[in-house]
Amino acid sequence: MYVKVVQLQEKPPRMAFEMVAPKRHEITAWIAESWSELSADTIVSGFAKTELLTDTRSPVVAKDHDKPQDISDVLNQLADLGVADETGVSGDELFSSDSSDNE
0 MYVKVVQLQE KPPRMAFEMV APKRHEITAW IAESWSELSA DTIVSGFAKT ELLTDTRSPV
60 VAKDHDKPQD ISDVLNQLAD LGVADETGVS GDELFSSDSS DNE
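Residue numbers (numbering that gives the first Met the number 0): 0 to 102.
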């Protein structure tokens with residue numbers, strides 16, 4: 000191995016080394032390859048501390064007739080569930096000209 004190092008050091012440089020950033024498709028391929036090389040057990044154990052995997056509830060799928068048509072319907076439903084207060088706030092109080100969005 001030492002001989003190869005010496006040979007490389009004695010060889011005249013052909014061109015300067017240039018760093019080139021990888022393309023997005025290369026990065027995506029690396030990520031996909033990395034995930035595909037992991038076992039399901041490894042992935043599951045990685046999420047064990049989040050306690051997401053112990054949630055056995057089935058997702059609720061909304062039907063068209065369950066979808067509220069107005070924001071007031073949403074707010075009323077949240078108030079009925081006890082997760083929102085029924086306070087009167089006008090639209091003018093929610094949006095003002097000195098909002099941070101204008102900065």
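Glycine included, C-beta positions come from ideal geometry on N, C-alpha and C.
- Where G45 is concerned, the enclosing alpha helix (DSSP H) starts and stops at 39 to 45.
- For E25, the uninterrupted alpha helix (DSSP H) run begins and ends at 23 to 35, by DSSP.
- V2 and A15 have their C-alpha atoms some 23 Å from each other.
- Following the DSSP letters along the chain, one finds L74 inside the alpha helix (DSSP H) bounded by residues 70 to 80.
- When only Cα atoms are considered, F46 and S38 end up about 13 Å apart.
- Residues A83 of the same chain have their beta carbon placed closer than 7 Å to that of L74, with the five preceding and five following residues left out of the count.
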